[in-house]
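A.B. asks: Numbering-wise (the working numbering), the sequence shown opens with residue 12 and increments by one.
Beta carbons: idealized from backbone N, C-alpha and C, even for Gly.
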Amino acid sequence: MSAAKLRAFLAVARHGSFSAAARALGLSQPTLTTQVQGLERQHKVELFHRRGHRIELTSVGHQLLPIARQLAALEVEAYNLLHDCGELTRGQLKLGAVGPFHVIEMVDAYRQRYPKVDVSIRLGNSAQVFGDLENYVIDVGVLARFHDAPGFETMAYARHAIILFVHLDHPFAARESVSLRELAEQPLLQREAGSSTRRALESALRQAGITPRVAMEIGSREALREAAARGIGIGVVSEAEFIPDARFRPVRIQGDPAFTETHLYCLKERRDSLLLGSFFEVAHSLRR
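1) With C-beta atoms as the reference, is Ser207 less than 7 Å away from Ala167?
2) Can you tell me which of the three DSSP states Asp283 falls into?
3) Which residues does DSSP pair with Glu228 in a beta bridge?
4) Using 8 Å as the cut-off, can you tell me whether the region 131-140 makes contact with the region 268-275, which would need three or more C-beta pairs spanning the two stretches below that distance?
5) Should Ser137 be labelled buried (16 or more other beta-carbon atoms within 10 Å of its own) or exposed?
6) Within the region 231-279, note down every full beta strand (DSSP E) run reaching 3 residues or more, in order along the chain.
7) Exposed or buried, what is Ser231 when buried is set at 16 or more other beta-carbons lying within 10 Å of its beta-carbon?
8) Is Val194 near Gly244, with beta carbons less than 7 Å apart?
9) Taking the beta carbon of Glu8 as the centre, do at least 16 other beta carbons fall within 10 Å, making it buried, or is it exposed?
10) Can you name, in chain order, every residue of its own chain whose Cβ lies under 7 Å from the Cβ of Asn146, other than the five neighbours on each side?
11) Taking Leu287 and Asp150 to be in contact with their CB atoms under 8 Å, please state how far apart those CB atoms are, rounded to whole angstroms.
12) Mapping DSSP to helix, strand and coil, what is Gly37?
13) Below 7 Å between beta carbons: does that hold for Glu250 and His171?
14) Determine the direct distance from the alpha carbon of Glu86 to that of Val128, and round the result to whole angstroms.
15) Would you be able to state if there are at least three C-beta pairs under 8 Å between the region 255-267 and the region 171-189?
16) Quick one: Cα of Val118 to Cα of Leu92, how far?
17) Under the rule that 16 or more other beta-carbon atoms within 10 Å means buried, what is Phe157, buried or exposed?
18) Can you give me the C-alpha to C-alpha distance between Glu203 and Val47, rounded to a whole angstrom?
19) I'd like the list of long-range same chain contacts for Gly107, defined as Cβ closer than 6 Å, with 5 residues on each side in sequence excluded.
20) Just the C-alpha distance for Val293 and Arg124, rounded to the nearest angstrom, thanks.
21) Could you tell me the boundaries of the alpha helix (DSSP H) in which Tyr121 lies?
22) Let me confirm a value: Arg62 is counted as buried when at least 16 other C-beta atoms fall within 10 Å, else exposed. Which label applies?
23) State the Cα-Cα distance for the pair Arg281 and Ser296, rounded to the nearest angstrom.
24) Can you tell me whether Leu43 is helix, strand or coil according to DSSP?
25) Where His26 and Leu82 are concerned, what is the direct C-alpha to C-alpha distance, given to the nearest angstrom?
26) Glu88: buried (16+ other C-beta within 10 angstroms of its C-beta) or exposed?
27) Please name the residue or residues paired with Leu68 in a DSSP beta bridge.
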């Protein structure tokens, strides 16, 4: 079973078609098709259901996928090890993150120290980031709170208070801070379930015995900002993610009872990797 055949299988699984997979690998479609068919004939299995223009993984294909991803990641690590001679003069580092804020500053510092390593960032929610780590799609995950995740190595990076932002006409706009209890009767704009910001504020309110009045649940930062700017309700955001806007004002919660924490994650079995270790080292030098 050659690495080329496994790469062909992974590309078709990822892109959902032989033509798109061939373009992604820089191969002709007949060449790529021959590689996948050769893998199937070699082991007398069917990896894909061909239904017209639709391609679907078979049961065997689904079982092979995580193994093939792991082998592909190991192949990249072997390449980096053999060609970089311990100096990280080449390589590919794939990051996953729930937001761009901290990960960008980490990447900036990393590229200054290791300019010849190619770095990519894949954004998604926490579940997607953990799934990508387990499937070797990414190397390091940057998440907005601590997760008790067996099998993963973690490092704390930063902690930031949750703050409010209100329309200029709101009574809170003239104040530097408000108490948590004052939010009891206020219309709050709430992020989607699973949001670290929402979870942090809900926990602080619950501990204080306060039931919030939710004006609206909104699934994106941009839409929530617009709703706050129109006076629909009070926005909630980590101070690290707050972007000033002339239409609303930031307001702190007294005592900073709600906060988010940024953590780095990787598979424990990969923590000693030269490439991953170099990124953790850079992030450790930045953390606060």
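C.D. replies: This is what the structure holds:
1) Cβ atoms of Ser207 and Ala167: not closer than 7 Å.
2) Of the three classes helix, strand and coil, the one that applies to Asp283 here is coil, per DSSP.
3) Answer by DSSP bridge pairing, in chain order: Gln201.
4) By the Cβ rule, the region 131-140 does not count as touching the region 268-275, because fewer than three pairs are nearer than 8 Å.
5) So Ser137 counts as buried.
6) The qualifying runs are 246-249, 259-264, 270-278.
7) By the Cβ neighbour-count rule, Ser231 is exposed, with fewer than 16 other Cβ atoms within 10 Å of its own.
8) At residue 194 the sequence reads Leu, which differs from the Val that was named. No.
9) With the chain covering only 12 through 299, there is no way to say anything about residue 8.
10) Only Pro77, Arg80 meet the Cβ criterion.
11) That belief holds up - the Cβ atoms of Leu287 and Asp150 are roughly 6 Å apart, short of 8 Å.
12) The answer is coil: DSSP assigns Gly37 none of H, G, I, E or B.
13) A contact, by the Cβ cut-off of 7 Å.
14) Spanning the two alpha carbons is a distance of roughly 16 Å.
15) Look at the beta carbons and you see the region 171-189 touching the region 255-267: at least three pairs across the two are nearer than 8 Å.
16) Spanning the two alpha carbons is a distance of roughly 21 Å.
17) Around the beta-carbon of Phe157, fewer than 16 other beta-carbon atoms lie within 10 Å, marking it exposed.
18) Taking the straight line joining both Cα atoms gives about 41 Å.
19) These residues qualify, in order along the chain: Arg133, Val140, Asp143, Ile149, Gly152.
20) Roughly 8 Å separates the two Cα atoms.
21) Residues 112-124.
22) Classification for Arg62: exposed.
23) The alpha-carbon separation between Arg281 and Ser296 amounts to approximately 20 Å.
24) Three-state result, Leu43: helix.
25) Near 19 Å, if we compare the C-alpha coordinates of Leu82 and His26.
26) It is buried - the Cβ of Glu88 has at least 16 other Cβ atoms within 10 Å.
27) Answer is Phe59, bridged to Leu68.
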